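Input: a single structure, listed below in structure tokens.
Residue numbers (the numbering used here), protein chains in the order written: chain A, 431 to 722; chain B, 314 to 638.
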């Protein structure tokens with residue numbers, strides 16, 4: 431029982447970090463109708479911005495985090511939108527998807543060549559203490575990771591549903607033409623979406639790097655899991671991505687502990703195929719209801 | 314004159330393929346072989362992507378299935394001529410089984426399912442070492458012999474590959490020109506209209522994917538005797554991405570696009586070798602630039618240039634926007 435609680439909680443903690451990446455994923459999907467194959471690399475890169483600020487520029491750690499966040503929002507949000515997505519906008523579809531795949535390679539290889547191929551230790555954000563709950567030993571880091579990412583996702587949901595800008599963003603995602611007619615500055619709303627996605631990826635990066643270390647190849651698994659989380663939960667809903675992320679985090683940990691460590695990586699994939707067969711709109715998603 | 318141009322060009326191309334390796338070292342012949350093999354796999358993917366308009370990220374895993382089946386069968390003394398069709402059939406069947414659920418829903422689901430499938434195949438190949446040899450892979454496959462013609466020499470194997478390549482491309486030529494192939498194109502260009510004209514879009518897409526997968530299996534059946542050593546890492550997800558890049562860089566939906574794309578993707582590392590580690594960055598960067606400025610790929614660049622120089626000729630007006638999802 432004690433082990434179960436520990437496994438469950440650490441699963442929830444990693445799952446909530448996956449959920450942040452997955453939420454960004456669904457936002458991009460809604461705004462630009464494209465699948466960002468570089469999402470995993472978007473989570474990998476900001477940690478290196480922080481490391482550069484911290485080690486090369488000798489800034490204090492909290493300031494490095496701020497610099498890393500700003501750099502991520504600028505490079506992965508603004509530049510990505512401006513240089514890659516925007517020139518293609520009348521025609522997205524396949525070429526844009528291929529570009530994001532190529533971008534993933536560029537980011538990964540650049541980090542490998544210009545920073546280093548080894549996994550880099552990343553300073554801890556939270557104390558490494560443990561507290562006893564019932565008879566389990568629960569790490570404070572897990573609890574705080576869970577708390578931070580859940581509050582970020584909640585804040586984002588509130589922003590999207592309760593503020594004028596947020597509702598304009600939703601309108602743009604649902605029907606850009608009508609939104610434009612009603613006076614929404616759709617281009618700006620799409621830009622906001624990309625900035626928010628970059629910020630979410632950066633936060634996920636800061637939370638996960640102390641656990642997994644910062645490594646150029648981290649994006650491969652993270653990106654795949656973010657996809658799967660988004661699809662399992664439901665591609666057109668933020669809460670879907672959250673549910674999917676948490677579910678995959680927990681299931682991953684449970685399988686690794688109780689069933690098989692060899693096929694641990696296969697579980698999310700099997701889940702993905704099952705969900706697509708049984709409930710293609712995702713666990714809490716709404717069906718878009720068209721076959722062609 | 315125009316009537317004879319295509320057969321003439323094809324004959325010239327075949328002659329060039331036959332002359333190319335003469336007097337070259339083993340390594341160059343090997344590179345040419347792998348170019349032809351990857352062209353076969355990319356041509357199969359082109360049917361899925363360029364003609365039926367669905368992204369598949371599992372072409373490398375179909376190559377893996379083909380390669381492992383051929384390797385296991387030839388290691389147990391079965392002739393390649395029997396192992397090859399078994400590989401293709403297996404890939405065709407797996408393609409049907411995999412595509413059936415994914416293609417029930419329109420959208421990117423095939424991309425995701427195949428993405429997951431590629432990783433699954435990799436895991437199975439790595440973990441089930443009683444069958445696949447695990448991370449150490451399988452070694453020592455014999456190259457096939459055909460009576461007097463033995464392919465164990467590199468040059469002989471090259472001509473064998475050329476023959477298979479020519480047959481495979483002729484088969485694809487027939488498929489895209491058959492009523493099926495025309496239906497595939499109708500499907501890509503306007504699925505709603507195709508459906509309203511009585512084309513069973515779902516079945517056709519599934520068929521295109523399965524045939525494309527079988528071509529992957531054929532390529533795999535050639536890889537096993539060429540390299541004579543296969544291991545899971547050679548069929549990881551990144552190789553599926555490479556195959557996808559071949560199709561898109563060359564020009565998805567153009568018959569010879571994947572062959573050109575495969576040449577670029579296989580030969581570019583050799584040309585860019587002096588840049589050492591930066592090769593992938595340069596390569597991926599130029600793909601982004603190509604996609605931003607000319608989404609129809611290299612053949613599309615050529616078409617555009619020709620359009621500018623001889624504006625009376627309309628080249629594939631339907632392809633102006635590139636293939637859509």
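Glycine residues also receive a C-beta, built at the ideal position from the N, C-alpha and C atoms. Everything numeric in this text was worked out from a predicted model, so none of it was measured.
Listed along chain A are 654, 695, 696, 699, each with a C-beta nearer than 8 Å to that of residue 432/B. Residue 365/B has its alpha-carbon roughly 20 Å from the corresponding atom of residue 401/B. With fewer than 16 other Cβ atoms inside 10 Å of its own Cβ, residue 441/B counts as exposed.
For residue 463/B, the three-state secondary structure derived from DSSP is strand. Contact annotation: in the stretch 601-621 of chain B, residues whose CB is within less than 7 Å of a CB in chain A are 601, 604, 605, 608.
For residue 519/B, same chain residues with a beta-carbon under 7 Å away, outside a window of 5 residues either side, are 409, 412, 413, 416 in chain order. Neighbours of residue 703/A in chain B, taken as residues at a C-beta separation under 8 Å, are given in chain order as 414, 426, 429, 430. Taking 7 Å as the Cβ-Cβ cut-off, the stretch 476-495 of chain A has no residue approaching chain B.
Counted as a single uninterrupted DSSP element, the alpha helix (DSSP H) harbouring residue 614/B occupies residues 610-622. Under DSSP, the beta-bridge partners assigned to residue 543/B are 451/B. Residue 357/B places its beta carbon less than 8 Å from that of residue 526/B.
In this structure, the straight-line span from the alpha carbon of residue 630/A to that of residue 381/B is close to 42 Å. Here residue 501/B is buried, its C-beta having at least 16 other C-beta atoms within 10 Å. In the structure shown, residue 715/A falls within a coil segment according to DSSP collapsed to helix, strand and coil.
A straight-line Cα-Cα distance of about 29 Å links residue 449/B and residue 576/B. Listed in chain order, the beta strand (DSSP E) elements of length 3 or more contained wholly in the stretch 330-360 of chain B amount to none. When 7 Å is used as the limit between beta carbons, residue 591/B is near these residues of chain A: 543, in chain order.
If you check the CB distance, residue 608/B and residue 538/B do not come in under 8 Å. Distances from the CA of residue 648/A to each of 541/A, 616/A, 575/A, 517/A were compared; the closest alpha carbon is that of 541/A. By the C-beta density criterion, residue 328/B is exposed, having fewer than 16 other C-beta atoms within 10 angstroms.
Residue 685/A and residue 641/A have their C-alpha atoms some 19 Å from each other.
Residues 355, 571, 574, 575, 578 of the same chain have their beta carbon placed closer than 6 Å to that of residue 559/B, with the five preceding and five following residues left out of the count.
Per the DSSP secondary-structure output, residue 569/A pairs in a beta bridge with 560/A.
Annotation: residue 628/A to residue 343/B spans about 44 Å, alpha carbon to alpha carbon.
Taken atom to atom, the span from the alpha-carbon of residue 668/A to that of residue 434/B is near 31 Å.
Under the DSSP assignment, residue 552/A falls outside any alpha helix (DSSP H); it carries neither an H nor an E label.
When the alpha-carbon of residue 680/A is set against those of 457/A, 692/A, 697/A, the nearest one is in 697/A. Only 368 from the stretch 363-377 of chain B bring a Cβ to less than 8 Å from some Cβ of chain A. The continuous alpha helix (DSSP H) containing residue 501/B extends over residues 492-502. In terms of CA proximity to residue 443/B, 385/B leads the group 492/B, 385/B, 321/B, 453/B. The way I'd put it, the stretch 568-588 of chain A does touch the stretch 433-445 of chain A; three or more beta-carbon pairs between them come closer than 8 Å.
The distance from the Cβ of residue 503/A to that of residue 625/A is about 5 Å, consistent with a contact at the 8 Å cut-off. Each residue's CA atom was taken as its position, placing residue 552/A and residue 659/A some 25 Å apart. Chain order gives no chain B residues near residue 610/A, where near means a beta carbon separation below 9 Å; the closest approach is about 21 Å. Of the residues assessed, residue 599/A falls on the buried side of the cut-off, its CB having 16 or more other CB atoms within 10 angstroms. Going by C-alpha positions, residue 601/A is about 13 Å away from residue 457/A.
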